Amino acid sequence: MKTLSLETDYKIKLPLDWVKELGLESGVVLERTDDGILIRPSLAQTWDEVYAEKLKMGNPAALDLSEVSGDDLIF
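In terms of the numbering used here, the sequence shown has 44 at position 25, counting the first letter as 1, and numbering is strictly consecutive.
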């Protein structure tokens with residue numbers, strides 16, 4: 020068992036050999052357990068995977084824009 024200290028802002032510096040061995044280069048997921056905190060590797064995602072769960076926009080033709088003018092737009 021290796022003891023690590025918390026740095027300012029509660030950061031933890033893991034030894035580089037641990038990061039490489041455990042595949043943590045692309046990020047981690049923290050899971051709170053009854054025994055403490057579990058650090059798991061985070062799977063790298065493509066932008067297509069990130070946006071796959073994005074909410075779909077409804078039919079824009081169904082919007083009532085009769086009361087909107089060019090002055091209402093924010094640039």
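Glycine included, C-beta positions come from ideal geometry on N, C-alpha and C.
These numbers were taken from a predicted model, which means no experiment stands behind them.
Within the DSSP bridge table, the entry for leucine 43 names no partner.
In this structure valine 69 does not touch arginine 59 by the C-beta definition: roughly 19 Å separates them, more than the 8 Å allowed. When beta bridges are read from the DSSP output, glycine 55 appears opposite Thr52. Apart from sequence neighbours up to five positions away, the residues of its chain that approach glutamate 44 with a beta-carbon distance below 7 Å are Val38, ordered along the chain. Under the criterion of beta carbons closer than 8 Å, leucine 41 and isoleucine 31 do not qualify as touching, at roughly 13 Å.
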